[in-house]
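Take a look at the structure below.
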Amino acid sequence: MTTPLLDRPQATAPIRAGLADRRQFGSALPGAVRKLDPRVMWCNPVMFIVEVGAVFTTVLSIADPSLFAWAVTIWLWLTVLFANLAEAVAEGRGKAQAAALRSAKQDTVAHLEDGRDLPATALQRGDVVVVEAGQIIPGDGDVVEGIASVDESAITGESAPVIRESGGDRSAVTGGTKVLSDRIVVRITQKPGESFVDRMIALVEGANRQKTPNEIALNILLAALTIIFLLAVVTLQPLAIYSKAFQAAAPDTAAIDGNGVTGIVLVSLLVCLIPTTIGALLSAIGIAGMDRLVQRNVLAMSGRAVEAAGDVSTLLLDKTGTITFGNRQAAEFVPLDGVDRPALAEAAQLASLADETPEGRSVVALAGTEYGLPEREPGRMSDATFVPFTAQTRMSGVDLGDRRIRKGAAASVIKWVRANGGHPPEQVGEIVDAISGSGGTPLVVADNDQVLGVIHLKDVVKPGMRERFAEMRRMGIRTIMITGDNPRTAAAIAAEAGVDDFLAEATPEDKLALIRREQQGGRLVAMTGDGTNDAPALAQADVGVAMNTGTSAAKEAGNMVDLDSDPTKLIEIVEIGKQLLITRGALTTFSIANDVAKYFAIIPAMFAAVYPGLDTLNVMRLHSPGSAILSAVVFNAIVIVFLIPLALRGVRYRPSSASQLLGRNLLIYGLGGVIAPFLGIKLIDLLLQFIPGI
Numbered sequence: 014m015t016t017p018l019l020d021r022p023q024a025t026a027p028i029r030a031g032l033a034d035r036r037q038f039g040s041a042l043p044g045a046v047r048k049l050d051p052r053v054m055w056c057n058p059v060m061f062i063v064e065v066g067a068v069f070t071t072v073l074s075i076a077d078p079s080l081f082a083w084a085v086t087i088w089l090w091l092t093v094l095f096a097n098l099a100e101a102v103a104e105g106r107g108k109a110q111a112a113a114l115r116s117a118k119q120d121t122v123a124h125l126e127d128g129r130d131l132p133a134t135a136l137q138r139g140d141v142v143v144v145e146a147g148q149i150i151p152g153d154g155d156v157v158e159g160i161a162s163v164d165e166s167a168i169t170g171e172s173a174p175v176i177r178e179s180g181g182d183r184s185a186v187t188g189g190t191k192v193l194s195d196r197i198v199v200r201i202t203q204k205p206g207e208s209f210v211d212r213m214i215a216l217v218e219g220a221n222r223q224k225t226p227n228e229i230a231l232n233i234l235l236a237a238l239t240i241i242f243l244l245a246v247v248t249l250q251p252l253a254i255y256s257k258a259f260q261a262a263a264p265d266t267a268a269i270d271g272n273g274v275t276g277i278v279l280v281s282l283l284v285c286l287i288p289t290t291i292g293a294l295l296s297a298i299g300i301a302g303m304d305r306l307v308q309r310n311v312l313a314m315s316g317r318a319v320e321a322a323g324d325v326s327t328l329l330l331d332k333t334g335t336i337t338f339g340n341r342q343a344a345e346f347v348p349l350d351g352v353d354r355p356a357l358a359e360a361a362q363l364a365s366l367a368d369e370t371p372e373g374r375s376v377v378a379l380a381g382t383e384y385g386l387p388e389r390e391p392g393r394m395s396d397a398t399f400v401p402f403t404a405q406t407r408m409s410g411v412d413l414g415d416r417r418i419r420k421g422a423a424a425s426v427i428k429w430v431r432a433n434g435g436h437p438p439e440q441v442g443e444i445v446d447a448i449s450g451s452g453g454t455p456l457v458v459a460d461n462d463q464v465l466g467v468i469h470l471k472d473v474v475k476p477g478m479r480e481r482f483a484e485m486r487r488m489g490i491r492t493i494m495i496t497g498d499n500p501r502t503a504a505a506i507a508a509e510a511g512v513d514d515f516l517a518e519a520t521p522e523d524k525l526a527l528i529r530r531e532q533q534g535g536r537l538v539a540m541t542g543d544g545t546n547d548a549p550a551l552a553q554a555d556v557g558v559a560m561n562t563g564t565s566a567a568k569e570a571g572n573m574v575d576l577d578s579d580p581t582k583l584i585e586i587v588e589i590g591k592q593l594l595i596t597r598g599a600l601t602t603f604s605i606a607n608d609v610a611k612y613f614a615i616i617p618a619m620f621a622a623v624y625p626g627l628d629t630l631n632v633m634r635l636h637s638p639g640s641a642i643l644s645a646v647v648f649n650a651i652v653i654v655f656l657i658p659l660a661l662r663g664v665r666y667r668p669s670s671a672s673q674l675l676g677r678n679l680l681i682y683g684l685g686g687v688i689a690p691f692l693g694i695k696l697i698d699l700l701l702q703f704i705p706g707i
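According to my numbering, numbering within the sequence shown proceeds without interruption in unit steps and concludes at 707.
Below is the structure:
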């Protein structure tokens, strides 16, 4: 297997992205400087105010230079730069992935069905092209004729070829992939410049990232807080003048100098009290959320889809391939009275050697693992005559000396036994009915005219699914299994898997109606699909994950595409969405708690001289008013750098209830946000004591 193009972690890896290293910071620095353009900064109101403040203090420092003034000015500019750096690093990770995708794109010549040759970039929707073995598929489309083996490693990173054929749910092909065998005719479904790879490049680079509703709402809240603090701060200078003029106890000198509270001090206060930490990291958190999906080879069409995944309360999961392996497998040998189980297992193994179906292979495997029977190769059994399984006979078997052993569907084997003079006991029917009633498939085994027992075939539930559904339940997510099986079989598998509900004998209309019922109850719904008949439900769902192997209609209807076509990845997508929301909430809590702690550093330093009673709030016992203010400004900038890796990696997510998540959030990031400034500002103040003039 080749190294995946997107270098994604395995599905079993924890949901996290790698920490930013020094090289990422270095390469992102020029982009961070370019983002200082006010036309760019305007999109982030909090940091735009910080930049305006930095410009203002720069003018004041030039007019009346001092070490304190220039130190504050430099750190204000570094605060803006660090905020831009967080976003630039997040975007840089996406651009590195986009560069890998661009290298996979090739200038391809398209061979039209009418004999003309065109550049792939000139193809229009509806054009029909012919692609033969060894050629690159020139654009996204559906196979309308033929069948071929296709190498999709340029897109998915998976070296194993896949089959693409006309009709059905495996007809979609992606531009840039390579046909390895045979010949296919493809109808182009893309518009020029809007191929799957083009859209993926734009999305991972962040060019098409739009702010989500929650992100917009948080930005409005942060902007409102900033305006409130701005109005409060601009009134402090008149208040200081009034206090000096009319308070009898007011000393001759104000907080910083004899002229009262200076403009530089006011800007410092404003920057330290507005929520700069979350304002600086908010965009990076959103970009990193999409980046984590891309690392798992999931293409989200918008940040809204990622955020919606975090709010999902109902999961619709196909049974086959998602909850179960999809192929029925032998689970148990059930002997009749008087028959040894090992004897039944041996007969079942011999009768299955000529059965090349997955069910037949599973019988041989179960006999070997459960009873230690040696492997037998039909080619080395010269005295045996094998009877292969066919759809007509519905049986397989072997003639070995005077033994004639058969295994197959109950009705077929019982009929064969009776034709050979045997009389199957009533117990056979009882076992067959019991297995069928539990949702399994019974296969009867006979040796000559005697029935030995029954093989229990079942659609095996994937390991760990019950535990994962239990985690979903703790998260408040309801799981619904969708299957075409009859209600009895569906109920048995649903009970074994541990899902909350199931929809049996499901049609496309049933799926759509179920989604609408859930949404009318105020729930957000996520589902997966790959066929054209899944398109209406995918379009209706709040999070619709289309399989890359599916049809173009399914991929157009969904708001996410899984390049690996792994239906179980829907559960991971929900966890990534929740991690995004938790990360945003945790850093917002930390930022606001930070601001509360900074009051105890700056307010006493500014007004203790005017209002001596405020000195009781100076619990940090900082060296001087100047060092207190500068320490707060320095800490305000540095904390952004320390939190960039957390914003990119995401807060570790543990499945639990909303109340537990809130309590953990307040304990770690609320309390931590209060304590960190006390320690950080005090440490910086101790260092500043050794710098004269502060």
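Built from N, CA and C at the ideal position, the CB exists for glycine as well.
At a Cβ-Cβ threshold of 8 angstroms, ALA293 and PHE81 do not count as neighbours. Around the beta-carbon of ASN232, 16 or more other beta-carbon atoms lie within 10 Å, marking it buried. The three-state reading of DSSP puts ALA146 in coil, since its state is none of H, G, I, E or B. In the three-state scheme derived from DSSP, where H, G and I count as helix and E and B as strand, ASP577 is classed as coil.
Around MET488, the same chain offers PRO668 as residues with beta carbons nearer than 6 angstroms, after the five sequence neighbours per side are excluded.
Put simply, the backbone Cα of ASP368 is about 6 angstroms away from that of SER409. In this structure, VAL325 lies near ASP555, with their beta-carbon atoms less than 8 angstroms apart. In the three-state DSSP reduction, PRO355 falls in the helix class (H, G or I).
The C-alpha of MET478 is placed about 20 angstroms away from the C-alpha of ARG309. Beta-bridge analysis with DSSP links ILE201 to GLY154.
By the criterion of a C-beta distance shorter than 7 angstroms, THR337 is surrounded in its chain by ASP472, VAL473, VAL474, LYS475, ILE506, once the five residues flanking it on both sides are discounted. By the Cβ rule, the region 404-423 does not count as touching the region 507-520, because fewer than three pairs are nearer than 8 angstroms.
If you look at PHE515, you'll find it in the beta strand (DSSP E) that goes 514-516. Taken through DSSP and simplified to helix, strand or coil, LYS48 comes out as coil.
When ILE62, ILE616, GLY323, VAL192 are compared, the shortest CA-CA separation from PRO226 is found for GLY323. Approximately 45 angstroms separates the beta-carbon atoms of VAL102 and LEU125; this is outside 8 angstroms, ruling out the contact. Out of GLN592, ILE688, HIS469, GLY351, the CA that lies nearest to the CA of GLY663 is found in GLN592. MET633 sits away from ALA660, with the two beta carbons spaced by 8 angstroms or more.
No Cβ-Cβ contact shorter than 8 angstroms links LEU456 with VAL441. With respect to the 8 angstroms criterion, VAL63 and VAL278 are not classified as neighbours on the basis of their beta carbons. In this structure, DSSP gives GLY373 a helical state, which the three-state scheme calls helix. Cβ-Cβ distances below 7 angstroms link THR134 to PRO205 in the same chain, with the five nearest sequence neighbours on each side left out; the list follows chain order. Under the three-state reduction of DSSP, THR134 is assigned to helix.
By the 16-neighbour rule on beta-carbons within 10 angstroms, THR403 is exposed. In terms of Cβ geometry, LEU525 and ILE495 do not form a close pair [threshold 8 angstroms]. In the DSSP assignment, PRO455 falls within the beta strand (DSSP E) that extends over 454-460. The beta carbon of ALA318 sits closer than 7 angstroms to those of VAL556, ASN572, MET573, all from its chain and outside the five residues before and after it, given in chain order.
In the three-state DSSP reduction, PHE402 falls in the coil class, being neither helix nor strand. Within its own chain, the residues whose Cβ lies closer than 8 angstroms to the Cβ of ALA606, once the five positions on either side in sequence are excluded, are TYR682, GLY683, LEU684, GLY685, GLY686, VAL687, listed in chain order.
According to DSSP, MET560 shares a beta bridge with ASP575. Using a Cβ distance threshold of 8 angstroms, ALA570 and ALA552 count as a contacting pair. Annotated three-state conformation of SER640 is helix, per DSSP. Between ILE595 and ARG481, the C-beta gap is not smaller than 8 angstroms, which leaves the two residues out of contact. Each residue's CA atom was taken as its position, placing GLY105 and ARG52 some 20 angstroms apart. Assignment of alpha helix (DSSP H) within the region 39-84, counting only whole runs of 4 or more residues, yields 51-54, 58-76 in chain order.
The Cβ atoms of SER184 and THR564 sit closer than 8 angstroms to each other.
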